[in-house]
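This report concerns only the one structure given below.
There are 2 protein chains.
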Amino acid sequence: MPLDPLSTKFAALADPTRRAILARLALGETSVSELAQPFAMSLPAVSKHLKVLENAGLITRGREAQWRPARIEPEAFKEVDSWLDRYRQLWEEHFDRLDAYLKRLQAKEKNKKKRVAVKRRRTPR
Amino acid sequence: MPLDPLSTKFAALADPTRRAILARLALGETSVSELAQPFAMSLPAVSKHLKVLENAGLITRGREAQWRPARIEPEAFKEVDSWLDRYRQLWEEHFDRLDAYLKRLQAKEKNKKKRVAVKRRRTPR
Numbered sequence: 002m003p004l005d006p007l008s009t010k011f012a013a014l015a016d017p018t019r020r021a022i023l024a025r026l027a028l029g030e031t032s033v034s035e036l037a038q039p040f041a042m043s044l045p046a047v048s049k050h051l052k053v054l055e056n057a058g059l060i061t062r063g064r065e066a067q068w069r070p071a072r073i074e075p076e077a078f079k080e081v082d083s084w085l086d087r088y089r090q091l092w093e094e095h096f097d098r099l100d101a102y103l104k105r106l107q108a109k110e111k112n113k114k115k116r117v118a119v120k121r122r123r124t125p126r
Numbered sequence: 002m003p004l005d006p007l008s009t010k011f012a013a014l015a016d017p018t019r020r021a022i023l024a025r026l027a028l029g030e031t032s033v034s035e036l037a038q039p040f041a042m043s044l045p046a047v048s049k050h051l052k053v054l055e056n057a058g059l060i061t062r063g064r065e066a067q068w069r070p071a072r073i074e075p076e077a078f079k080e081v082d083s084w085l086d087r088y089r090q091l092w093e094e095h096f097d098r099l100d101a102y103l104k105r106l107q108a109k110e111k112n113k114k115k116r117v118a119v120k121r122r123r124t125p126r
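Read top to bottom, the protein sequences are chains S and Y. Residues in the first sequence are numbered consecutively from 2, following our numbering. Residues in the second sequence are numbered consecutively from 2, following our numbering.
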């Protein structure tokens, strides 16, 4: 069964080498041979990863026969970001609650110290 | 080879049913049997998907023997969002450039119309 576009994107991103390739391409378009160098990978191996990224729409390839530069497709990332949107609210609420809890803890601690200090002042030595 | 945490997350997200389960859990924690109903899926099938989501850290399960409610783990989504951060800049630049290009096109079109109008006024009928 062929995957839907979003599943294809997530599947393509589920590989550290492919994410490293994307990180390199974020700096600018480049050829397969240039990409292969820092990864110490064979050209066919890099080509295979690029094919997966291209099928997922995360990159596009130039059509020049000899030098088919790979470049990042920013709109594809936007799609993943849009999917994340509904969960963004959840973690913002989560961190707000955590923050409120820590503030309550700090206030409690402060009050405790204050009470101890008052008590000390009141108690004759 | 075991996947790194981020790859495990992306692999878990590369399935429309698992994403639908997450969308349901975003509304609040629920049991496996409650989850199974709208999906018309068997309990073992739902349990299998929950296991994948749990291994990826995207959800946690309650420890109550009979009723092990599944709930979303907001911080796991934050991790995916942090990874997206470096690409966010790319698509913002991309849309800014697109916007600037469209504005230039519109300005050109407007100037052209203006020149045609001026020419018409100058040309005696």
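Glycine is no exception: its CB is placed at the ideal position from the N, C-alpha and C atoms.
Query	Result
Simplified DSSP assignment, three categories, for Ala71/S	strand
Cβ pair count under 8 Å reaching 3, the segment 36-45 of chain Y against the segment 88-101 of chain S	no
Endpoints, beta strand (DSSP E) assigned at Thr61/S	60-62
Same chain only: Cβ atoms within 7 Å of Met63/Y, ignoring 5 sequence neighbours per side	Here residue 63/Y is Gly; the residue named in the question, Met, does not match the sequence. Excluding sequence neighbours, Gly63/Y sits near Arg69, Pro70.
Per DSSP, cross-strand counterpart(s) of Thr31/Y	Ala71/Y
Any C-beta of chain Y under 8 Å from that of Tyr102/S	no
Any C-beta of chain S under 8 Å from that of Ser43/Y	no
Per-residue burial, Ala24/Y [other beta carbons within 10 Å of its own, 16 or more giving buried]	exposed
Where the alpha helix (DSSP H) through Leu4/S begins and ends	It is not in any alpha helix (DSSP H) - Leu4/S carries neither H nor E in the DSSP assignment.
Amino acids of chain Y, ordered along the chain, whose beta-carbon sits closer than 7 Å to that of Val81/S	Leu85
Close beta carbons around Ser43/Y, own chain, < 8 Å, minus the five adjacent residues each side	Ala37
Residues of its chain near Ser48/S, where Cβ-Cβ distance is below 7 Å and the 5 sequence neighbours each way are ignored	Val33
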